[in-house]
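Residue numbers (my numbering), protein chains in the order written: chain S, 701 to 1236; chain Z, 35 to 369; chain B, 1058 to 1188.
All C-beta atoms in this analysis are idealised placements derived from N, C-alpha and C, irrespective of residue type, glycine included.
The next block holds one structure in the form of structure tokens; read it before the comments.
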Amino acid sequence: MKKEIPPQMNLSPKDENWMEKKAEFKKGTYCYGAPLKHQNYLGLPNPREWQPHSEDWNLPENWKDIILQGMKDLLEKYRSFKLFMDICVRCGACTDKCHFFVGTGDPKNMPVLRAELLRSVYRRYFTLPGKIFKKFAGARELTEEVLKEWFYYFYQCTECRRCSLYCPYGIDTCEITMMGRELLNLVGCNIQWIVEPASNSFRTGNHLGVPPSAFKETLDFARDEIEELTGIKIDIPINRKGAEILFVAPSADYFASPHWYTLLGYLMVFHEIGLDYTWSTFASEGGNFGLFHSYELMKRLNAKIYEEAKRLKVKWILGGECGHMWRVIHQYMDTINGPADFLEEPVSPITGTRFLNAKSTKMVHIAEFTADLIYHGKLVLDKKRNDKWVITFHDSCNTARSMGILEEPRFILRNVCNNFYEMPENTIREKTFCCGSGAGLGADENLEARLKGGFPRAYAVNYVKQKFGVNMVACMCAIDKASLPVLLDYWVGGVEVCGVHELVGNALVMKGEKERVKNLRGEPILEAEKNEEDLR
Amino acid sequence: MIRLIYAFVLTLFLILIPLFGVGILGLTRFFSIVIPYSAFLIFLAGSILRVLSWVSSPQPFKIPLTAGQQRSLQWIKSSYIESPYNKIGIFMRMLLEILFFRSLLKNEKTNPHVSKWLLFTSNKRFWLMSILFHYSLLIIVFRHLKLFFEPIPSIVNLLSRIDALFEISIPTILLTEIIVLVCIAYLLLRRIVVSQVRYISLTSDYFVLFLLLSVVLTGILLRHLFRVDIMDVKRFALGLFLFNPYIPHFVGSCFYVHLFLVSFLFAYFPFSKLVHAGGVFLSPTRNLENNSRTIRYLNPWNYPVKTRTYDEWEDEFREMMKEANIPVEKEDRKI
Amino acid sequence: MKKIYDKGKTLTGLIIFVVLVSSPTWYNLVFGKGNYVPDLKVEKNGKECVKRTSYMKKNHMELLKVWRDEVVRTGNRTYVREDGEKFEISLSGTCLKCHTNKQEFCDRCHRYVGVTPYCFGCHNIPRETRK
Chain S
701 MKKEIPPQMN
711 LSPKDENWME
721 KKAEFKKGTY
731 CYGAPLKHQN
741 YLGLPNPREW
751 QPHSEDWNLP
761 ENWKDIILQG
771 MKDLLEKYRS
781 FKLFMDICVR
791 CGACTDKCHF
801 FVGTGDPKNM
811 PVLRAELLRS
821 VYRRYFTLPG
831 KIFKKFAGAR
841 ELTEEVLKEW
851 FYYFYQCTEC
861 RRCSLYCPYG
871 IDTCEITMMG
881 RELLNLVGCN
891 IQWIVEPASN
901 SFRTGNHLGV
911 PPSAFKETLD
921 FARDEIEELT
931 GIKIDIPINR
941 KGAEILFVAP
951 SADYFASPHW
961 YTLLGYLMVF
971 HEIGLDYTWS
981 TFASEGGNFG
991 LFHSYELMKR
1001 LNAKIYEEAK
1011 RLKVKWILGG
1021 ECGHMWRVIH
1031 QYMDTINGPA
1041 DFLEEPVSPI
1051 TGTRFLNAKS
1061 TKMVHIAEFT
1071 ADLIYHGKLV
1081 LDKKRNDKWV
1091 ITFHDSCNTA
1101 RSMGILEEPR
1111 FILRNVCNNF
1121 YEMPENTIRE
1131 KTFCCGSGAG
1141 LGADENLEAR
1151 LKGGFPRAYA
1161 VNYVKQKFGV
1171 NMVACMCAID
1181 KASLPVLLDY
1191 WVGGVEVCGV
1201 HELVGNALVM
1211 KGEKERVKNL
1221 RGEPILEAEK
1231 NEEDLR
Chain Z
35 MIRLIYAFVL
45 TLFLILIPLF
55 GVGILGLTRF
65 FSIVIPYSAF
75 LIFLAGSILR
85 VLSWVSSPQP
95 FKIPLTAGQQ
105 RSLQWIKSSY
115 IESPYNKIGI
125 FMRMLLEILF
135 FRSLLKNEKT
145 NPHVSKWLLF
155 TSNKRFWLMS
165 ILFHYSLLII
175 VFRHLKLFFE
185 PIPSIVNLLS
195 RIDALFEISI
205 PTILLTEIIV
215 LVCIAYLLLR
225 RIVVSQVRYI
235 SLTSDYFVLF
245 LLLSVVLTGI
255 LLRHLFRVDI
265 MDVKRFALGL
275 FLFNPYIPHF
285 VGSCFYVHLF
295 LVSFLFAYFP
305 FSKLVHAGGV
315 FLSPTRNLEN
325 NSRTIRYLNP
335 WNYPVKTRTY
345 DEWEDEFREM
355 MKEANIPVEK
365 EDRKI
Chain B
1058 MKKIYDKGKT
1068 LTGLIIFVVL
1078 VSSPTWYNLV
1088 FGKGNYVPDL
1098 KVEKNGKECV
1108 KRTSYMKKNH
1118 MELLKVWRDE
1128 VVRTGNRTYV
1138 REDGEKFEIS
1148 LSGTCLKCHT
1158 NKQEFCDRCH
1168 RYVGVTPYCF
1178 GCHNIPRETR
1188 K
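And the structure:
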């Protein structure tokens, strides 16, 4: 069932007073509430069994005071919040920049309005004109309906920061959504797809709840698969004290597909260059769903990375392909859980390159690491092995707009494949469109919202598919790898998704390898040539 | 639309106040001295307090929005303005943002009904009108300095002369008079016509535009129709700032309306969205370096949280780990 | 009193702001001319003025414009006031009779309020004025 592109988008909202319009919990557009046991495990405030579509949310008696007090605290803690509440002029530059607005046409998905949901309440209780003139000053009472609306729309924002790029004052809807979610958490309104992985991660070390034994099994399985593909038996060190480098990846890399092939790629590169490194069963998750929940949960989940680096006495940390994980590592980790003074300034043991940009946090992105290897000619690469694919690159929101790692993956791609084409420039690099499932919204029950939100991205992919015959989207984010296949299958069809290091793994010529006839997916490397040979 | 009407009525009401107060009650002293002084005081104190309220909250995290390549490997060209890593980069980024509205310049429109493949088209008109609007206002304020400075700095005279470039009519019709009117009309129409912007517009958004429009219109009337004795006005203006108030004699009610609206605008400033003028300097997504992995950024309220320590974790999984031959920290006390 | 963060930058910004908005006060104090009101020299050589002083103060440019149009475009050199009184339309012949000194009358006020009439960009200053 292929959908026509473009669909009839309606970006002209009809006139109505949005302040009086209730949020409608339509199935397929919202996420389910968090199970009680996970709320309890994490010790979240006001825990209870609860669902967004039920009439009564069983809010605590004094929920209004909790929210208002919470808002006051946040305003005192975050200048960004206070400032963004005050300085918006509602110029409308951001309105059509949000993928959720473009996809759903719901006017409350316009970034400015998403912020106004909070702002209207802020005006009512924290500003003089709002207190005096009430609705004439754009102020609004905090009611249960307003709270429901907050929940609906703050869990329909992927914190991708695209709107902020276009805002003349740099107002960041990601900050707004984070504040909104902090407040909702105070009265126990959380979603399952965030709280459950977070609780898993707290208990087992990773979002998927993989216990150490299964972690080892899966890495052993990867080892066997690499042996089958290349004839080389590699070593995968786990919890090895005294290793030079601790490697931390999102858990999806070793438990989901197509992430798995990226994992194989990492492992092959590490073996080939003889890297002195280790995995950790405790810090077996780079991702951090706490980021989508609250400051405190983010900090609690993130702490294990430095703790484990210290215990294993490594020199520095290398991080795998992930989006929001890198937002946390790049912009938060050192601040919340640093200083990492027990580690050393990262230096590539292979090329001697000092990663000066990571000299305080002591954590290097694998794309930076691999790009450096390739630049110094440390990897033998056979681009032809990726020839069956015409590749485009999807920048992940977090790595593009909160980190600026734009050229490294492109440099790698140009060195590992022959057919690389960019999507239209309004949809890549800092202007990249979200997959529609970030910030903890990758659940099944909100699939409709996800598919709509991902539409602009799919549209751009379809563009390069038609124009250049693109059949593979490379990306560096675990959520992308999980959500883009569904999205592209729905809107586009015939386009697969891979990690950058899967392509590196394919192209990597390893010392002593047998003839590589299959790529990491176990498919024939060169379909076209194979066929020709068969004909002969 | 009701919000537009509220705003319009409110503006009319504001215009009536000085007309009634001066025209009928004859409260010239009140409207020429008390009102301007109180407005100025509210403006000054309000703006300072507003900024202080912003900076009394810390910026806990370094959250620049990177709009370009980070500085990482030496051979990759980094974008030092879009993804600044030092103070010079920040200075340049802020300068371009404040003087040229750089983010707005990036604006593009998402086209809902596309026949072409491209979903997005560049949209520079809004940027152009905004920048013309703001610079016109700036020049207009600057031109008024001739009433407040004695002797008049030559730069003010020069600017006025450039503004009078067209030499049409006497007194000359000024460029900024026309431009600012066109811009206000554009901004107002945009709020009324573009459905997205109409949807988000609040009463105060229309009100600010109506207020500015009436200030500009009364200003234009004072220059071209209901003229005043400008010498008397200057004496009045200087008197205010030298704390030697002088009530102007040779001015009409139009002057009082203009003065009252300007006073109101100033007093309203710190309580309205107009504070964006100061706020833009503090925007954390623009004024922080993208170097959070290079230099540790400190959060003043960074408090300790309950984490799960390695020991707690191992206690739960130790047996399992030993079975799977994964190295553990502590052998179990006793099996 | 709450703690202030980024004290240095904030104070610098606020000081610049206060200096800017108070500039009329300190500028005029520095130059000491704030209380200056131009003294306009008029010699009572002719009859009464064409219009009342209060009108002329605000609208002399308007009258001059009407006069220019009359002379240049219709060739009419006589101006009839509302009350029937006749005047010769002539800058040097009528106006300058009393307002003899351009520098001490016209220019002094124009300079005070920052007005630069563009007439004299092309036209010579009438000989009759004693500069």
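- Here the C-alpha atom of residue 789 of chain S lies approximately 55 Å from the C-alpha atom of residue 349 of chain Z.
- The three-state secondary structure of residue 327 of chain Z, taken from DSSP, is coil.
- A contact between stretches requires three or more CB pairs, one per stretch, nearer than 8 Å, and the segment 800-810 of chain S meets this requirement with the segment 845-858 of chain S.
- In terms of Cα proximity to residue 101 of chain Z, the closest of S:910, S:867 and S:900 is S:867.
- If you look at residue 991 of chain S, you'll find it isn't in any beta strand (DSSP E); DSSP assigns it neither H nor E.
- When the five nearest sequence neighbours on each side are left out, the beta carbons in the same chain lying within less than 8 Å of the beta carbon of residue 796 of chain S are those of 711, 802 and 810, in order along the chain.
- Counting along the chain, no alpha helix (DSSP H) covers residue 1209 of chain S, and no H or E run does either.
- Sorting S:951, S:963 and S:1162 by C-alpha distance to the C-alpha of residue 905 of chain S places S:951 at the top.
- Within the segment 866-881 of chain S, contact with chain Z at the beta-carbon level (separation under 9 Å) is assigned to 866, 867, 868, 869, 870, 871, 872, 874 and 875.
- Rounded to the nearest angstrom, the gap between the Cα atoms of residue 1197 of chain S and residue 872 of chain S is 29 Å.
- Along the length of the segment 727-794 of chain S, whole alpha helix (DSSP H) runs at least 4 residues long occupy 736-742, 763-777 and 779-786, reported in chain order.
- Rounded to the nearest angstrom, the gap between the Cα atoms of residue 918 of chain S and residue 363 of chain Z is 22 Å.
- With contacts defined as CB atoms closer than 8 Å, residue 937 of chain S and residue 978 of chain S qualify as a contacting pair.
- Pairing residue 958 of chain S with residue 351 of chain Z, the inter-Cα distance amounts to about 28 Å.
- Looking at S:1009, S:774 and S:760, the one whose alpha-carbon comes closest to that of residue 942 of chain S is S:1009.
- Counting only unbroken stretches of 3 or more residues, the beta strand (DSSP E) elements lying wholly within the segment 1060-1141 of chain S are 1063-1065 and 1091-1094, in sequence order.
- Residues of the segment 216-240 of chain Z with a Cβ closer than 8 Å to any Cβ of chain S, in chain order: 224, 228, 229, 230, 231, 232, 233, 234, 235, 236, 237, 238 and 239.
- Under the DSSP definition of a beta bridge, residue 1017 of chain S partners with S:946 and S:1063.
- Counting the other Cβ atoms within 10 Å of the Cβ of residue 1016 of chain S gives 16 or more, which makes it buried.
- In its chain, beyond the 5 residues on either side, 135, 138, 139 and 141 have a beta carbon closer than 8 Å to the beta carbon of residue 161 of chain Z.
- At a Cβ-Cβ threshold of 8 Å, residue 325 of chain Z and residue 124 of chain Z do not count as neighbours.
- Leaving aside the five residues that flank residue 1030 of chain S on each side, the residues in its chain whose CB is nearer than 7 Å to its CB run, in chain order, 1102 and 1103.
- The segment 51-132 of chain Z contains, as complete alpha helix (DSSP H) runs of 4+ residues, the segments 69-89 (chain order).
- Residue 208 of chain Z and residue 763 of chain S have their alpha carbons spaced roughly 58 Å apart.
- Residue 1056 of chain S and residue 1091 of chain S do not touch by the CB rule: their CB atoms are close to 30 Å apart, not below 8 Å.
- Residue pairing from DSSP places residue 1054 of chain S in a beta bridge opposite S:1047.
- Taking the C-beta atoms as reference points, residue 974 of chain S is found no nearer than 8 Å to residue 1213 of chain S.
- Taking a cut-off of 8 Å for Cβ pairs, the segment 1121-1132 of chain B and the segment 302-309 of chain Z do not touch, as fewer than three such pairs fall below it.
- Contact of residue 168 of chain Z with chain S by beta-carbon distance below 9 Å is absent, the smallest such distance being about 10 Å.
- The continuous stretches of alpha helix (DSSP H) do not include residue 1143 of chain B, which lies in the beta strand (DSSP E) extending over residues 1143-1145.
- Inter-residue distance for residue 1059 of chain S and residue 940 of chain S is about 23 Å (C-alpha atoms, whole angstroms).
- Residue 67 of chain Z sits away from residue 319 of chain Z, with the two beta carbons spaced by 8 Å or more.
- Taking a C-beta distance under 8 Å as the contact criterion, residue 901 of chain S and residue 907 of chain S qualify as a contact pair.
- Cα atoms of residue 78 of chain Z and residue 1156 of chain B: separation of roughly 44 Å, rounded to the nearest angstrom.
- In the three-state reduction of the DSSP assignment, residue 1175 of chain B falls in the coil class, being assigned neither a helical nor a strand state.
- If the five residues before and after residue 748 of chain S are omitted, its C-beta is found closer than 7 Å to the C-beta atoms of 736, 758 and 888, all from its own chain and listed in chain order.
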